[in-house]
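Since the structure comes first, as structure tokens, the remarks are kept for the end.
Have a look at this one:
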């Protein structure tokens, strides 16, 4: 087995040792399937400590599953979800929103992955007109797909606007921990307290083997979720092993330690890359991603040794992701190799 | 944590130690996500050794996910799937076939969980008539939901009939290992060799933490599966950990050891129950399930100590499942407790 | 153009002259599209006179469109609709319920096309269990697909049962006029007054060129119907011409005259057939259909001259339909030809 | 009944007298339902004379029905349809594409309603990547939603590009007659001969009461259409009356006379409006639509007398549509009223 160091995605990392230990500990005796076990009960309780006693928590398998089931719970067939054109639900889920939910996505252009109230406003002029899909949800990603982080007041503004217009605010929080760590806030300061109605909470990219959560902060919206959960292929039979992972993640602030570390690695990488004239960082580095334009031959050279993926082939822009398991020496080695490649190609 | 012994389902058991070990061993370094890893490659190769070099193998999260994606790959919107009225896809997946695939299920009554060519025949008179959903797939469960096992020739007959009429034969093999162990055959003798086109292969109920496989024995049918895989929320990012579990299951015939053991436990239980006049076994015990009518007060009494679920409340019929982790003493204890309950209630 | 007399379906008849006249009269000047015209307003008012001021009325193109949009308005993805196995929505709409609504149909066997409370009862034991589609609607056809007619008290019993269990009662009334004429009642006595929540009201089979109505007797259920109407491809642009047809149908009781006539023709046919020993009538003749077993060679002979369709090839059972345009002499000629065919074949 | 003159839509006009006559003529005797009648046969033959012997023709109810069924026939769940952001399928069908087909629409910005090969190109970089919906169809509207008309060579370029990349070219031809009349070409010169694979052919906006056609120029693509036709609620029972209308439309070039007239009326209107400084025409007037910016108070004044709809409230841009029944004096009266309104408001 060749050891690979990947900067291509934070889901290339493995299982955090504390999470794996939790799986092992949960592997004793029989347990009721489908969530009727004590691990699920405890993990949900931990979530409620973070997000408020009044939320409903469900565990699913993956990020696409979390987004699709979470949005399906709050949309009818004639509803539309407004999101950034960069949103994972639009760009990276193979049409699941349209096919499995059956609703329309209305996209707004976004240079940094965020959307604003002004952009959403334009979609509301056809409310009530039966010829048009009816906007019902604003969906934002926290961290965004460009590695940027919404400030609490930005979220509050979108939530206020949504609620004033009969819409809901959905948050794709596959990297919510990285956002919270970046802002130095608790989860609820960027979710419950600022008006998020439904949230997907990422586990896999922050050290879990498999598992995400769908959290209804507006509890009433989740009342029929158990049926959607099952119907949409996201109800695990041996649920205790997903729950146990989340229990580990929310114990001793492992979520925070992992996210802080990944963020710090990205910052270190960005700091080093900024010193290299041939490289141009293209987005604010606020979480665990560094977007940078690197000359094509250099990218090619680095890909001989590292997993690195192009975000935009046209711009030769890469997305470099740090994970909980990225080490300082990995960053330094990558930067060294980058410098060598530049020198060798006389750029 | 109270130790619970469950006879309610084979997914109440935990992770088999060899499977857990495999997860631990796979937890080293980074790996390409979504199946581009060596564990996936190796596991698929092992499947091909069992099912033939020419099959395509994909890993999904759960049984419902396997069935729905497998069937979605071979149906158009106007197609129907013929299955027993007891079929899991009809009775226990909260309408996923209709909602996520969008096709009709045509059900046939079944006393033992099996369906026959004669029963299917009746649905074919409207082939070509645009007013009717067009039967395209016969779906059978092996082991059936009643714990019975199709003989190879029964499967072959259905496959021959299907193919002669332009249909496919799909097998829900969530307990395929129990069937193979029961019949004393290799997997391919009840799948590839007898005309099954698409198969879901169960892992979770035979010792995995999470993971099922969709196998296209008719390879051409799977050519667009990667898109359905992703779109239907069943593509794991850290796929290596599902693959590694299957690698363990197919190594040293763990699948067989687990299945044989569970089957033997069910047989032992059935043998003991047959000695008790107040209990009536209702189905042939061919795999790891025992269906039995037990007087209501006795069931209630047992449920104080064991997880036992009623299959039919009206008939007071229970389904008692054995798992890879069921022990002889569990069976004897259950039978003892059953006898005591009967004596105490003077039945 | 050869003149064909059809007994195969009541939609083989053309447009009733009064209806055609109404189309012609509406063809003056411009009119707002999509239902914002005075014809639509007037026609809806006429419906409200029949069904109550508090109903909502929408016009659609065809019976399948009416059923699917009407049911889509009252179901979520995880809901099931309970209906007879003979129901048009199950047998004759090419899986539209499953594909366009995305919900499950749960069928009950029926010898006469009707369903009873007892049959529905069996589906309710899994209410609240996320593994099962949740029954939400009981759907009945009035007239049934076997030409039988529900008595008001039978409908009331189903409605009471539905409402007591949180379900709705839907009525496929593609031949509602025939039922009302048969029972000698006003529409509301077999709909609004006995608890029907949503109704499709047939026009095409009773003399219209094209047009059916979806009527929400439980008005709240229709509040988002305009979006479903449009999205499900059933919103006509030149709506005035559908509305004008309904206006004609509800003027001077044309609906009643047409339905009475068709019913009387069926009765006449049945009376004549009963005199012929080789023919066996198989269902009560309560509306405009006669179901009869006629020896295969006789059917073949008749089909040389008439459009006659086999309901069951296995039983050599035909469904003979009368329409508003069937004449006494047509019936007598058919019976004469039938007798001649029998004599010629020595049956 | 107040006489209304509408410039809001070409579907505000009624039925052309020759079309109504055809309906009346078809209203004799019984006819096989669902398209098995001689009117359907004859109308299809007429279409084949226009589009080639090798096309398949189906009649549906409305434009949304035509588009959705036509596109459903050529897409799988994981496919995407590329269209202009102005496309009717994206903007005006209440999410039917997403909900009834279940596929994704990928939109490109368009100033004149057209799309180009360059714009489509950008969507093809993810072909084969399972995380992304797979572009399978380019959909264009002829006439576009901005009243502009594709030249044959523009269509050919899109078709060539589509076919070179494994895509199909779909044309929303709800105003195809207006485009052909505008270009002075036969239908096939802008469809069959330039590579269009599937076409919706508009009837309602060109004088029909109700009826559109779906035409498979690439015949193989339509082979399973009968099932989609029925399932998608678009199969008329009394089909002869839709077919008869099309027969009239294709007889004595009624389609051409109607379209030419409407186009000429729009041209006349545009010519007159160009003389008025306060009015700014915003799109080329190539068919029967005139897009113009008119000061808000003037629009309000005109709306007291005419049906006129705002295309863009923000820009005070109206879309003025001419129909087969628009008369010269209607145009002159409108222009006179417009001038008077301007004078009265001192703009």
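Protein chains in written order, with our numbering: chain C, 1 to 347; chain H, 348 to 694; chain Y, 695 to 1041; chain F, 1042 to 1388. Heads up, the beta-carbon is just placed ideally off N, CA and C, and yes, glycines get one too. In this text the structure is predicted, and so the values were computed from the model without any measurement.
A Cβ-Cβ distance of about 5 Å is found for the pair residue 173/C and residue 199/C, placing them in contact under the 8 Å criterion. For residue 601/H, the uninterrupted alpha helix (DSSP H) run begins and ends at 601-621, by DSSP.
Contact annotation: the segment 235-255 of chain C touches the segment 37-49 of chain C, with at least three C-beta pairs closer than 8 Å.
Within 10 angstroms of the beta-carbon of residue 205/C lie 16 or more other beta-carbons, which makes it buried. Under the Cβ distance rule, residue 130/C counts among the residues neighbouring chain F, one pair being separated by less than 8 Å. Around the beta-carbon of residue 11/C, 16 or more other beta-carbon atoms lie within 10 Å, marking it buried. Taking a beta-carbon distance threshold of 8 Å, residue 899/Y does not count as an interface residue toward chain H.
Assigned with DSSP and collapsed to three states, residue 115/C falls in coil, not helix or strand.
At least one C-beta of chain Y is nearer than 8 Å to the C-beta of residue 446/H. Between residue 649/H and residue 353/H a beta carbon distance of about 12 Å is seen, past the 8 Å cut, so the two are scored as non-contacting. Between the beta-carbon of residue 83/C and that of residue 1174/F there is about 15 Å, and that puts the pair past the 8 Å contact cut. Within 8 Å of the CB of residue 439/H, the CB atoms of chain Y belong to 825, 826, in sequence order along the chain. The beta-carbon separation of residue 544/H and residue 517/H, rounded to 7 Å, stays under the 8 Å limit for a contact. Residues of the same chain with a CB within less than 6 Å of the CB of residue 356/H, apart from the 5 flanking positions on each side, are 668 in chain order. Cβ atoms of residue 489/H and residue 436/H stay farther apart than 8 Å, at about 13 Å. Taking the Cα positions, residue 526/H is about 33 Å away from residue 818/Y. Closest by C-alpha distance to residue 724/Y, out of 964/Y, 1012/Y, 933/Y, 1025/Y, is 933/Y. When 1351/F, 1203/F, 1153/F are compared, the shortest CA-CA separation from residue 1327/F is found for 1153/F.
In this structure residue 1190/F is buried. Its beta-carbon is surrounded by 16 or more other beta-carbon atoms within 10 angstroms.
In this structure residue 1198/F is in contact with residue 1158/F, their Cβ atoms being roughly 6 Å apart against a cut-off of 8 Å.
Residue 707/Y holds the alpha-carbon nearest to the alpha-carbon of residue 1073/F among 712/Y, 742/Y, 730/Y, 707/Y. Chain H places no beta carbon closer than 8 Å to that of residue 327/C, leaving this residue out of the contacts.
Beta bridge pairing from DSSP links residue 974/Y with 987/Y. Of all C-beta pairs linking the segment 738-752 of chain Y to the segment 1269-1277 of chain F, fewer than three are shorter than 8 Å, placing the two stretches out of contact. DSSP lists no bridge partner for residue 748/Y.
The criterion of a C-beta distance shorter than 8 Å is satisfied by residue 772/Y and residue 227/C. Counted as a single uninterrupted DSSP element, the alpha helix (DSSP H) harbouring residue 1024/Y occupies residues 1022-1039. Apart from sequence neighbours up to five positions away, the residues of its chain that approach residue 351/H with a beta-carbon distance below 7 Å are 654, ordered along the chain. A straight-line Cα-Cα distance of about 39 Å links residue 101/C and residue 300/C. Neighbours of residue 574/H in chain F, taken as residues at a C-beta separation under 7 Å, are given in chain order as 1119, 1171, 1175. About 6 Å separates the Cβ atoms of residue 52/C and residue 188/C, confirming a contact at the 8 Å cut-off. The three-state secondary structure of residue 472/H, taken from DSSP, is helix.
Interface residue (Cβ-Cβ distance to chain Y less than 8 Å): residue 359/H is not classified as such. About 7 Å separates the beta carbons of residue 970/Y and residue 1036/Y, which is inside the 8 Å limit, making them a contact pair. The alpha-carbon separation between residue 687/H and residue 676/H amounts to approximately 16 Å. Using a Cβ-Cβ cut-off of 7 Å, residue 1271/F is close to 477, 478 of chain H, given in chain order.
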